[in-house]
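A.B. asks: So for the sequence shown, my numbering puts the first residue at 11; every next one is plus one.
Positions of the beta carbon are idealized from the N, C-alpha and C atoms, including for glycine.
Bear in mind the structure is a predicted one, so any value in this text is a computation, not a measurement.
Have a look at the structure that comes next, please.
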Amino acid sequence: MTDITTEPTRLLVPALGAIYEKLEPLGWPLVRVATGLLLVPHGYMKLFGGMEGTIGFFSQIGLEPAALLAWYVALLEFVGGILLAAGFLTRVVAAQVVGFMAVAVTIHWGNGFAWTSGGYEYPLMWGSVALAILFKGAGPLSVDAKLGREI
């Protein structure tokens, strides 16, 4: 078995150490909040821009019941994004985003990797971030932490 030490790495520019030390607690909340806030507009467009397009797309690619799934995804992106940003029910929401992105990866798989060609790059990246959030949880700057409970 290998012993993993946690000695700090030596910085190339040691003067930056104090800055990094002050900013480090903000790193994880930034990832969680950005992920949530980047989901919200996608849900907003579906909920308030017309669900017909999303329902039609889901039906066209064989995701049935299309209407139910379209509403679920729209609410997950909009409400779930807000919950992720706030750090409330974080692991519950992140688990659903992981599942949603896994489905999106399979849908885009046939187009190759590059997102610019309709590939699976984008959902794979967001699914990976959601998986990290699921593993780590909300962190100290969150509603979950204030409540003292996480799932």
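(1) With DSSP run on the structure shown, which of helix, strand or coil describes Gly147?
(2) With a threshold of 16 other CB atoms inside 10 Å of the CB of Glu87, please say whether the residue is buried or exposed.
(3) Let me check understanding here. Comparing Cα to Cα, which of Leu99, Ala77, Gly53 lies closest to Ala84?
(4) What does the alpha-carbon distance come out to for the pair Leu78 and Leu93?
(5) Count the other CB atoms, across all protein chains shown, that sit within 10 Å of the CB of Leu49; report buried if there are 16 or more and exposed otherwise.
(6) Whole angstroms are fine: how far does the CA of Trp38 sit from the CA of Val139?
(7) Do you know offhand how far Gly66's Cα is from Thr126's?
(8) Could you give the DSSP three-state label for Pro35: helix, strand or coil?
(9) How far does the alpha helix (DSSP H) with Ile65 in it reach, from first residue to last?
C.D. replies: Quick look at the numbers:
(1) Three-state result, Gly147: coil.
(2) Buried, because 16 or more other Cβ atoms sit within 10 Å of the Cβ of Glu87.
(3) Nearest C-alpha to Ala84: Gly53.
(4) When rounded, the separation of the alpha-carbon atoms in Leu78 and Leu93 is 21 Å.
(5) Leu49 is buried by the Cβ-count criterion.
(6) When rounded, the separation of the alpha-carbon atoms in Val139 and Trp38 is 11 Å.
(7) Rounded to whole angstroms, Gly66 to Thr126 spans 22 Å at the Cα level.
(8) Reduced to three states, the DSSP call for Pro35 is helix.
(9) According to the DSSP assignment, Ile65 belongs to the alpha helix (DSSP H) that extends over 61–70.
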